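Trainee:
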Amino acid sequence: MAGSVFVDTSGWYALIDRRDASHEAMTNEVQRLIRDGARLVSTDHVIDESCTLAKARAGSVAALRLLDLLDGTVALDVEWIGPEQFDRAKALFRKYRDQAFSFTDCTSFAVMRERRLKEVVTTDDHFRFMGFQLLPAGS
Numbered sequence: 001m002a003g004s005v006f007v008d009t010s011g012w013y014a015l016i017d018r019r020d021a022s023h024e025a026m027t028n029e030v031q032r033l034i035r036d037g038a039r040l041v042s043t044d045h046v047i048d049e050s051c052t053l054a055k056a057r058a059g060s061v062a063a064l065r066l067l068d069l070l071d072g073t074v075a076l077d078v079e080w081i082g083p084e085q086f087d088r089a090k091a092l093f094r095k096y097r098d099q100a101f102s103f104t105d106c107t108s109f110a111v112m113r114e115r116r117l118k119e120v121v122t123t124d125d126h127f128r129f130m131g132f133q134l135l136p137a138g139s
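Numbers 1 to 139, taken from this note's numbering, label the letters of the sequence shown in order.
(1) Alpha carbon to alpha carbon, how far is Ser4 from Trp12?
(2) If you check the beta carbons only, do Asp17 and Ala58 fall under 8 angstroms apart?
(3) Using the three-state DSSP reduction, which class does Arg115 fall into: helix, strand or coil?
(4) Is it buried or exposed, Asp8, if we count other Cβ atoms within 10 angstroms and call 16 or more buried?
(5) Who are Glu79's beta bridge partners in DSSP?
(6) My guess is that Ala110 and Leu92 are in contact by the Cβ rule of under 8 angstroms, so how many angstroms apart are they, rounded?
(7) Rank Thr73, Glu114 and Lys90 by C-alpha distance to the C-alpha of Ala38 and give the top, closest one.
(8) Select from Gln31, Thr27, Leu69 and Gln85 the residue whose C-alpha is nearest the C-alpha of Ile47.
Here it is in structure tokens:
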């Protein structure tokens, strides 16, 4: 496999919380992607959300473990949300105001569209609603 795959908050969080229902599947999927040569793409907003979630659910040690994992993942490309992407996210947030998307989701959608990414490591069905394929398959 070549190419890039987006990783959302639920994907990152599941890697560090063994009690998470998706821990094993997400861990195996991320390991497979890296082994197959894929680049993992995430955003500064997703990393923020992931570390905040980890700290709230599992404590500071878990949040720092996640941050260290991300820092040590050489296959990870972090996309910093710039003004144009932020504006596209605002437009999506407004357009889909009837959906339960977070603003962070909308920044992710904007980046995925811009980079023409089709697949996302997540359990979040909002990505499926927006036309993206969830990984691992069957999520």
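Think of the CB as a built atom: it goes at the ideal place given N, C-alpha and C, for glycine as much as any other residue. Note that the coordinates shown come from a computational prediction; the quantities given were computed from them, not determined experimentally.
Mentor: According to the data block:
(1) Ser4 and Trp12: Cα-Cα distance of roughly 16 angstroms.
(2) yes
(3) Looking at Arg115 - three-state DSSP - the assignment turns out to be coil, as it is neither helix nor strand.
(4) buried
(5) Thr43
(6) 6 angstroms
(7) Thr73
(8) Minimum Cα distance to Ile47 is reached at Leu69.
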